[in-house]
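Below: the structure, in structure tokens.
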Amino acid sequence: MVADVVADVEAARARSAVERGVREALQSVDDPEYPGVSVVDMGMIEALEIDGDRVSIELLTTFSGCPAAEMITADVAEAVGEVEGVADVTVRRSRRDWDTARLTDKARAAMAREFTVAVALPSSPAQCPCCGSEALVEQSLFGPARCRAVHRCKSCGEVVEVLRA
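Read left to right, the sequence shown gives residues 0 to 164 (numbering that gives the first Met the number 0).
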């Protein structure tokens, strides 16, 4: 009886260590367009299942035609596959739509600070990453990536990209 309890406790610790390792591995995978901003902070991890030594991940991309989708999928699989206690990793892309509300505050702040990218949330207008104004005027629907548009801030005059859902 005591041996069963000890075995259960050790199994729970092992599961916990694997889960912690998987979560740390996912946090280490950056979105290739935003070095230093993880796929976790981008809100790209839709689901995570750990069953013993098998891990299944459902990944969202920022838009369906994302040219970095294969790279991100491979990076996630590689990082998680290196976690001690993980024998098999399956990464599948979700058919659900990603939107900017999935971004963490940390991601939004890094995007503004490091990349001069504003984030348009579904419920509120984007703010200029330079001055904080909401006076952004779209200059071009098409930016350097399909999910970003080019705007100019009427307050400070800066040209900024706006990530949209």
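Every residue, glycine too, gets a C-beta built ideally from N, C-alpha and C.
- Inside the segment 42-81, DSSP marks whole alpha helix (DSSP H) runs of 4 or more residues at positions 68-80, from first to last along the chain.
- Around the beta-carbon of VAL79, 16 or more other beta-carbon atoms lie within 10 Å, marking it buried.
- Considering only HIS150, ALA46, GLY84, the residue with the shortest C-alpha distance to SER15 is GLY84.
- Taken in chain order, the unbroken stretches of alpha helix (DSSP H) that lie wholly in the segment 90-147 and span 4 residues or more are 104-114.
- Cβ neighbours of GLU133 within its own chain (closer than 8 Å, five residues either side excluded): PRO124, ALA125, GLN126, CYS127.
- Comparing alpha carbon positions, the residue from VAL149, GLU113, GLU160, SER139 closest to VAL36 is GLU113.
- Between ARG92 and THR72 the beta-carbon gap is near 7 Å, inside 8 Å, which marks them as a contact.
- For the 7 Å CB-CB criterion, VAL54 and VAL38 do not form a contact.
- Nearest in C-alpha terms to VAL118, of all of ASP50, HIS150, VAL88, ALA68, is HIS150.
- Among the bridge pairs identified by DSSP, VAL161 is matched with ALA117, ALA148.
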